[in-house]
Amino acid sequence: MEPAISPMQLLVSIVERGKGAHLVAHYKDYRLLHHNQAAGRGTAASHLLDTLGFGTTERDVVLTFGPRDTVRQLMYHLKEDDRSKLDAQGIAFSLNISGMSAILAVCLSRLEQMDPERGEQSMEQGCHHSLILVSVNQGYTDAVMDTARAAGARGGTIIRARWTEAGEVEQFVGITLQAEKEVVAIVAHNRERAAIMEAIDRAHGMRTDAQAAVISLPIEQTARLD
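So in numbering that gives the first Met the number 0, the last one in the sequence shown is 225, and the numbering has no gaps at all.
Written as structure tokens, this is what we have:
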């Protein structure tokens, strides 16, 4: 008999630098054990830092994979009693995963175990936010964020990246691509999403010096950490 595999989700947590370890330790209480952590930099203007719950612009970005029911349970408690335990400021949000390595999915499914004291929690569905990801050449993130803010974005997080196998894409689109990239992650309300993406693509698209590539993903749940 094939092992049962639970639907999976990706939990993205963005907090002040140095606080990522607090989240990972707390998430282990929910038997969420597969984490990747990266360093990021916030793009919010200084007068928005307090509003967004950040004290500095440096970020820890924690990517956590886990069964959907477990992630939903955690998100419920992040919105309620767990917030005061974390000693971290920032935001967490969950995304559905459409595909994953079979071995990893089986392992994560076997780890899934609801805490009987917490029990299953009913989760409100239909979150009204999206994650906008913008891959852009280094040196253009400030200009991209200025455009995004003018279209309704409040702030974002920058992660250093590198474009691999750019040669094949260059052949297809007929332009030279810069290998060193930065990824700007913006959480935005759905009513502003299209305007933000269109503004970025119009001002900083692939045929400009910024060479911005823009996509968006639906967010299932969000929780502010403070």
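Even for Gly, the Cβ is constructed at its ideal location relative to N, Cα and C.
| Check | Outcome |
| --- | --- |
| CB-CB under 8 Å to N189, same chain, minus the five flanking residues each way: which ones, in chain order? | H127, H128, S129 |
| Quick check on the burial criterion: 16 or more other C-beta atoms within 10 angstroms. Buried or exposed for D86? | exposed |
| Per the DSSP calculation, R71 is bridged to which residue(s)? | According to DSSP, which records beta bridges pairwise, R71 is partnered with nothing at all. |
| Is the CB of C106 under 7 Å away from at least one CB in chain C? | Looking for chain C here will not work: only one protein chain is present. |
| What first and last residue would you give for the beta strand (DSSP E) that runs through L216? | 212-217 |
| According to DSSP, N35 sits in a beta bridge with which residue or residues? | L62 |
| How many whole angstroms separate the CB atoms of I218 and S97, which I take to be in contact at a CB cut-off of 8 Å? | No, I218 and S97 are not in contact; Cβ-Cβ is about 15 Å, not under 8 Å. |
| Is I195 closer than 7 Å to A211 when the C-beta atoms are compared? | no |
| Using alpha carbons as the reference points, say which of Q88, D225, R159 lies closest to T140. | R159 |
| Out of V60, Q36, S134, which one is the CA nearest neighbour of K180? | S134 |
| Leaving out the 5 sequence neighbours to the left and right, which residues in its chain are closer than 8 Å to A222 when beta-carbon positions are compared? | M74, L77, K78, R82, I90, A91, F92 |
| Rounded to a whole number of angstroms, what is the C-alpha to C-alpha distance between L107 and T207? | 42 Å |
| Since A147 and I185 are thought to touch, with beta carbons under 8 Å apart, how far apart are those beta carbons, to the nearest angstrom? | 6 Å |
| According to DSSP, which residues form a beta bridge with G41? | T156 |
| Could you name the residues that DSSP lists as bridge partners for V183? | V133, I157 |
| My understanding is that M144 touches V183, with C-beta atoms under 8 Å, so please give their C-beta distance in whole angstroms. | 7 Å |
| Quick test of your reading: L216 and Q88, contact by CB under 8 Å. State the CB separation rounded to the nearest angstrom. | Going by Cβ atoms, the distance from L216 to Q88 rounds to 24 Å, so no, they are not a contact pair. |
| Given a cut-off of 7 Å on the beta-carbon distance, is the pair V14 and D59 in contact? | yes |
| Pick helix, strand or coil for M7, following the three-state DSSP scheme. | strand |
| Report buried or exposed for I214, applying the criterion of at least 16 other Cβ atoms within 10 angstroms of its Cβ. | exposed |
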